[in-house]
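Chains as they are written, first to last, in the working numbering: chain A, -15 to 160; chain B, 195 to 296.
We treat Cβ as the ideally placed atom computed from N, Cα and C, and that holds for glycine.
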Amino acid sequence: MIETLTRAIFWLFVIITIGSAVIVVFSRRVIYSAFALLFTFFGVAGLYLFLAADFLAASQVLIYVGGILTLIIFGVFLTAKIYQMNIPQQTHQRYLALLPVLGILVVLVYGLYTADWQVVQTDPEPTTKRLGALLLTTYLVPFEVASILLLAALIGAMRLSRPRSEDADIPEEENV
Amino acid sequence: MFSDFQIYLGVGVALFVLGLLCVMTRKNAVSVLMGVELILNSAALNFVVFSRYTAGNLLGQAAAIFVIILAAAEAAVALAIFLNIYRIFATAEVDRADQLRG
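Below, the structure is given as structure tokens:
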């Protein structure tokens, strides 16, 4: 019984992830794509739980859903013209784009299906403590570099999104 | 037919391909950013899958954490750039913002 339920929930997460990703790509309205992306992130977080990555599942929900998705929805509101949201969202070369995409899909699925995977099945265990130790020993330097990167991105984003009016040498009204 | 391992990797493949299609075909810059997020998610998912199916090894999960960090930084900077593009060109469509001289 529990087995069946677990399988059902697993397939539910798989279907949520892929189905909402399809909506993200093919929806005609940007805002629908943004909300479908929410379900994709939740689906991936659920798959992380099935993969015994508890800390990552929590981070996925907190950072992606709480941070990145909020940013993206802000971006949609600030840039899309609300009354023109129903215009076609695809460029002209969409059928041309299918060619390399389908090629990559075929190659990846073929490799996935035919490769001789050496799989080791281990028991799931809590990961947070071990991940913390790993981040402060093996991955200490990338960890510090990542914090500097975040600081630089923070300052850069603030600098970029401020009005240009302080730059006296660049006339602003010219292209508006 | 497929093992669990291959199903997880298949989800990763699907997310990657859909993200690639999104990046290549969408007009709106925010949609392109969503495609990039899909691709980054598929990469992180792959890292976690390989971490789960090797013996007692969390290196993949640590790599996934760095992927999430990069995604956050990238989203913030990209949206700042989009706001600037919108202010200058009055559109957020990537194929109409074709002027280098801001």
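Annotation for N222 (chain B): A286, E287 and V288 place their beta carbon closer than 8 Å to its own, counting only its chain and skipping 5 residues before and after. DSSP, read as helix, strand or coil, puts N251 (chain B) in coil. Judged by DSSP secondary structure, I233 (chain B) falls within the alpha helix (DSSP H) whose first and last residues are A223 to R246. For R114 (chain A), at least one C-beta of chain B is nearer than 8 Å to its own C-beta.
Annotation: I233 (chain B) has no Cβ neighbours in chain A at a cutoff of 8 Å; minimum Cβ distance is about 11 Å.
In the structure shown, E109 (chain A) falls within a coil segment according to DSSP collapsed to helix, strand and coil.
Excluding the 5 residues flanking it on each side, E231 (chain B) has same chain C-beta neighbours closer than 8 Å at G213, A265 and A269, in chain order.
The alpha-carbon of A99 (chain A) is positioned some 17 Å away from that of F241 (chain B). Taking 8 Å as the threshold, the shortest C-beta distance from I(-14) (chain A) to chain B does not fall below it. In chain order, L212, G213, L215, C216, T219, R220, S225, M228, G229 and L232 make up the part of chain B whose C-beta sits under 9 Å from the C-beta of V9 (chain A). In chain B, no part has a C-beta under 9 Å from the C-beta of R12 (chain A); the shortest such distance is about 11 Å.
In this model, L31 (chain A) and S145 (chain A) are separated by some 35 Å (Cα to Cα). DSSP places L40 (chain A) inside the alpha helix (DSSP H), whose first and last residues are D38 to S43.
Within the region 118 to 132 of chain A, those residues whose Cβ lies closer than 8 Å to any Cβ of chain B are, in chain order, L118, L119, T122, Y123, P126 and A130. Per DSSP, the unbroken alpha helix (DSSP H) holding T24 (chain A) starts and ends at V14 to F34. At a cut-off of 8 Å between beta-carbon atoms, R246 (chain B) makes contact with chain A. Contact annotation: the region 244 to 254 of chain B touches the region 98 to 112 of chain A, with at least three C-beta pairs closer than 8 Å. Taking the beta carbon of A237 (chain B) as reference, no residue of chain A falls within 9 Å; the closest one sits roughly 11 Å away. Annotation for T(-10) (chain A): no residue places its beta carbon closer than 7 Å to its own, counting only its chain and skipping 5 residues before and after. Taking CB atoms only, L252 (chain B) has a neighbour in chain A less than 8 Å away. Looking at the backbone, the Cα of M218 (chain B) and that of F210 (chain B) are separated by about 12 Å. Using a Cβ distance threshold of 8 Å, T122 (chain A) and F39 (chain A) do not count as a contacting pair. It is roughly 17 Å from the alpha-carbon of Q44 (chain A) to the alpha-carbon of L134 (chain A).
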